[in-house]
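Residue numbers (this note's numbering), protein chains in the order written: chain W, 2 to 512; chain U, 45 to 355.
The C-beta atom is built at its ideal place from N, Cα and C for all residues, glycine as well.
Some notes on the structure that comes next.
In C-alpha cells:
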C-alpha cells in the first residue's frame, strides 16, 4: 500500500490526560481523510504531533514510507506537511503576501523582495483558483479569505500533505461549500488532505475515508461511502445519539417578554435595528433565524443592557427595562447565554467556582457584605457541576482548562440557576460536539417545559428549526416574518432570510 | 558650551540634536526589544551602565572609542540578563526591568568607589574628538555642524538602519511577526526565543551606546544621576512615535526641543519664573503620555512570554 503518512502506535500523555493512546493512522495519497471525534478526543493532539508541535511519548511516523523524526514544524514543512490551524496563525497587521512568505522570504541580496513575494502569492493563488489580493491586510479581510491565506501558506512551502483543523467552524454555509470545491481541486493536483472535524454532515459531504477517535483511541477507520451519519455519531460518542430534538408540543401561557419598536445603532453609528417587535410567551421557544450581521448581535446587546436603544422599549414581566444596567436586567428575570462564551460567558482565568456565580456574586449567600463566602460558592458550583454533568477534575480549575462543551455547560448551568423568566440563548451550541449539543438542546426544552420563555438566536438554521415553537426571521434590522415552527420549511425561511416575501404569508396574523 | 556669536535659533537646534541623541539611542533600543515582544523598562539602567563603562573604558585606555565599545558590551550584557529572565524564566518583564534600573544605579555607585576611588563622579577622561573647527569651515551650515558631535550623526544613521531592518529585510519581518503573533512564527519554523534574545541584547547595546553619548561627549566624566529619567523619556518617545523608528526620532526631537528651549529661554530675560521653563519638558511629556496624541498600537504580543506547546 502506498500511504503518504503512516503513524504507528502513537502515545502522548499530558499531565493527567492520555491524549493519544497507541494510535494508528494511515493517509492514502490523494484522499480526503477525516479525523472525527468529539472535542477533547485527541484529534488535534495527534495532528500537532504530525506537524512537530508536540513530541510523541511513543510511536513512529512514516512519510512516504520513510521513517522520520519530526522535532519541529520546520521538519514537518521540510517533509511536505502543512497545517491550517483552527485558530489561524496569521499576523493581523501584515499583508496577505507578508504572511505567506514569512519564514521563507524571497531575497534580493540582503533585502526582502516584496515584489517577488506578491508575485509568488499571485502565482499560487491563481494556480489553485483562489481569488485574493496579496496586498490586503489580514485584519481587513473576511474569515473565509483568511483561511485561504492559511492554505496558501502551506502550499507556498510545497506542502503535499495538508492538515486542516476544524476548517468549517468559522465559515458561513456558502464559504463551506467553496472550501469543499477547493479541497477537491487540491486532491486533483495530487495533494492528500487530513480534515479534523466533529461535524457529521461535512464528513459525509467532503471525505473519502474517516478515522474515528474517542478518548485518545482509534475506534475505527471506515470508507465514507459505506457508512452513514447515525453510525458515525454512535462511534464518535460511544452510544446511540439522538440527532433529532425530542420535544412535546409547547404549552405557552401569557406573554412575559416584549420588544416594541426597538431601534438601535451599530458600532459604526448606522441604524442596525429598524423597529423590532417581538413577543415571547412563558413556556415557548422563540427562535430568531437570519444570516449573520442582520442585527442579531445588536438586538441581544440592547436586551441585555450592553447597548443603548435609540428608541423603543424592552419589557419583561410588564416592567420596562430599556436602558437599564445589565445587573438590573438580570434581576428583573432575564438571563443570557452569550454568543461568545470566551468573551462574555466566562472569565477564563477564574476558577469554575468563581465563574458559577458571575452575576449573582453580590447576592447572599455568596457574598456577605464586602466578603465573599467561598465555602458556599464552592458548594454551589459542585451542585451545578453535578447536575449539568460538567466534566472537570474539581471546581477549582480555571475555566480555560475545560473543553468548549464543558465550558458551555457551565454557562448554561449558571444562567438557568438564576431562575429567570426569560433565557436568551445566543448560538448556544457553536463549536460543540454532538454529545454536548444534544445535552444543551434537551436542557433548553426542559426549561421551556418548566414554563420559562426562551429566546433562541442561531445562525444554524437546523438548530432554529429543531428547537423553536415559533420562528421569527430577521433581515436588515427588521423582523420580516414570524412563522409557526410546524408550518415553517427550510425553503420559506431561506426566502425570508434573503429578504424575500412569502405569497402565503398572512399579514400580521402570525404576530 | 560656547554659544557666543551664534544666532539663537542655531544654538537651539544644535542643542536639541545633542540632547536628543541619548534618547534616540535608547528609544531605538526599546524598539528592538518591544517589536520582538519583550517590554524593556530597564533602558534607564542600561543607559546608566553604558555611561559608566564608556568613561571607564576611556579612562583605562585613553581611547574614547574603546570606551564606546565598553559601553556597548556592558549594555548588551545587562540586557542579556533581562532577556534570560523574561524569555527563559518568563519572569514579569516590568519587574525585571525595574530591578535592572535599581541594580544599575547601585552597581555604578559601588564601582565608582572600587575603580575610581571617588564618590559622586569620576575623573575627567579623554572625550570623543570632534573636528569642530573643520566643521565650522563648511559654508552655510558650518556653524551649526560645529555645535554637534559624532553621536548625533551615528544616532540618525541608526534610525535609518533600524527602519531599514524592520521594514525591508527578512529579519525585520520575522522580528515583527514574533512580536505580533509568536505562535504563528513558531509554526513556520522561526525560532521565537532566538529572535527575542537577539533583539533584547541589541536593545541593551543601543542603550549602552546612548549612555556613552551622555558621558563621553560634552561632559567627559560619569556623574551619579546623570541619566535622570532619560530612559523613561525614551520609552515615552517610542510609544509617542507609535513604535516606529522615524516616529521615535521625531518624538525624541520634540522632547529634546522642550529641554533645549528651557535652557535657551532662561537666558532670554522674559518675565516668567525659571520654574516655568524647567517644567516645560515635563508638561510636554505628560500631554503626550495622557494620550493627547491619539492612540498608538503596541505589538500584539508585547510583554507576554511565549510558551512553546501551550494550548
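Give me the chain W residues within the contact set of residue i, using Cβ-Cβ distance strictly less than 8 Å, ordered along the chain.
{"i": "residue 340(U)", "result": "Per Cβ cutoff of 8 Å: no residues; residue 340(U) is ~13 Å from chain W at best."}
{"i": "residue 225(U)", "result": "90, 91, 92, 93"}
Indicate the three-state DSSP secondary structure (helix, strand or coil) for residue i in the structure shown.
{"i": "residue 225(W)", "result": "helix"}
{"i": "residue 96(W)", "result": "strand"}
{"i": "residue 75(W)", "result": "helix"}
{"i": "residue 68(W)", "result": "strand"}
{"i": "residue 251(W)", "result": "coil"}
{"i": "residue 86(W)", "result": "coil"}
{"i": "residue 132(U)", "result": "helix"}
{"i": "residue 143(W)", "result": "coil"}
{"i": "residue 441(W)", "result": "helix"}
{"i": "residue 278(W)", "result": "strand"}
{"i": "residue 316(U)", "result": "coil"}
{"i": "residue 346(W)", "result": "helix"}
{"i": "residue 64(U)", "result": "helix"}
{"i": "residue 239(U)", "result": "helix"}
{"i": "residue 428(W)", "result": "coil"}
{"i": "residue 373(W)", "result": "strand"}
{"i": "residue 130(W)", "result": "coil"}
{"i": "residue 490(W)", "result": "coil"}
{"i": "residue 274(U)", "result": "helix"}
{"i": "residue 208(U)", "result": "helix"}
{"i": "residue 361(W)", "result": "coil"}
{"i": "residue 157(W)", "result": "helix"}
{"i": "residue 367(W)", "result": "coil"}
{"i": "residue 34(W)", "result": "strand"}
Measure the beta-carbon distance from residue i to residue j and round it to whole angstroms, keeping in mind my assumption that it falls under 8 Å.
{"i": "residue 259(W)", "j": "residue 316(W)", "result": "4 Å"}
{"i": "residue 357(W)", "j": "residue 411(W)", "result": "7 Å"}
{"i": "residue 198(W)", "j": "residue 210(W)", "result": "Going by Cβ atoms, the distance from residue 198(W) to residue 210(W) rounds to 13 Å, so no, they are not a contact pair."}
{"i": "residue 336(W)", "j": "residue 464(W)", "result": "Wrong, their Cβ atoms sit about 19 Å apart, outside the cutoff."}
{"i": "residue 105(W)", "j": "residue 158(W)", "result": "6 Å"}
Would you mind telling me which residues of chain U sit closer than 8 Å to residue i, beta carbon to beta carbon, in chain order?
{"i": "residue 74(W)", "result": "230, 231, 232, 233"}
{"i": "residue 86(W)", "result": "231"}
Apart from the five residues just before and just after residue i, which ones in its own chain have a Cβ nearer than 7 Å to its Cβ?
{"i": "residue 97(U)", "result": "114, 115, 118"}
{"i": "residue 342(U)", "result": "78, 287"}
{"i": "residue 297(U)", "result": "60, 64"}
{"i": "residue 31(W)", "result": "188, 191, 193"}
{"i": "residue 108(W)", "result": "114"}
{"i": "residue 405(W)", "result": "40, 432, 433"}
{"i": "residue 279(U)", "result": "74, 85, 87"}
Taking residue i as the query, report the chain U residues whose CB atoms sit under 7 Å from its CB, ordered along the chain.
{"i": "residue 111(W)", "result": "213"}
{"i": "residue 99(W)", "result": "217"}
{"i": "residue 78(W)", "result": "233"}
Might you give, ordered along the chain, the residues of its own chain that have their beta carbon closer than 8 Å to the beta carbon of residue i, omitting 5 neighbours on each side?
{"i": "residue 367(W)", "result": "358, 361, 373, 374, 377, 378, 381"}
{"i": "residue 132(U)", "result": "237"}
{"i": "residue 345(U)", "result": "81, 222, 223, 224, 225, 226"}
{"i": "residue 57(W)", "result": "11, 12, 13, 21, 50"}
{"i": "residue 349(W)", "result": "343, 399, 400, 401"}
{"i": "residue 394(W)", "result": "17"}
Run down chain W in chain order and give the residues with a C-beta less than 7 Å from the C-beta of residue i.
{"i": "residue 70(U)", "result": "Simply none; closest approach about 25 Å."}
{"i": "residue 323(U)", "result": "Correct list: empty, because the minimum Cβ distance to chain W is about 37 Å."}
Leaving out five residues on either side along the sequence, give the residues of the same chain with a beta carbon under 6 Å from the beta carbon of residue i.
{"i": "residue 428(W)", "result": "340, 459"}
{"i": "residue 289(W)", "result": "458, 473, 475"}
{"i": "residue 89(U)", "result": "144, 145, 148"}
Can you pull the chain W residues whose beta carbon is under 9 Å from the beta carbon of residue i, in chain order?
{"i": "residue 58(U)", "result": "Simply none; closest approach about 34 Å."}
{"i": "residue 344(U)", "result": "92, 93, 94"}
> If you measure beta-carbon to beta-carbon, which residues of the stretch 221-249 of chain U are closer than 8 Å to chain W?
Replying inline: Those would be 221, 224, 225, 227, 228, 229, 230, 231, 232, 233, 234, in chain order.
> Relative to chain W, which residues along the stretch 194-221 of chain U have a C-beta separation below 9 Å, given in chain order?
Replying inline: Per Cβ criterion, the list reads 208, 211, 212, 213, 214, 215, 216, 217, 218, 220, 221.
> Given a limit of 7 Å on CB to CB distance, which residues of the stretch 101-125 of chain W reach chain U?
Replying inline: From the stretch 101-125 of chain W, only 103, 104, 106, 108, 111, 112, 113 have a Cβ closer than 7 Å to chain U.
> What are the residues of the stretch 6-26 of chain W that lie near chain U, defined by any Cβ-Cβ distance shorter than 8 Å?
Replying inline: Using a CB distance below 8 Å, no part of the stretch 6-26 of chain W faces chain U.
> Listed from N- to C-terminal order along the chain, which residues in the stretch 351-367 of chain W have their beta-carbon within a distance smaller than 7 Å of any beta-carbon of chain U?
Replying inline: Shown here is that no member of the stretch 351-367 of chain W has a Cβ falling below 7 Å from a Cβ of chain U.
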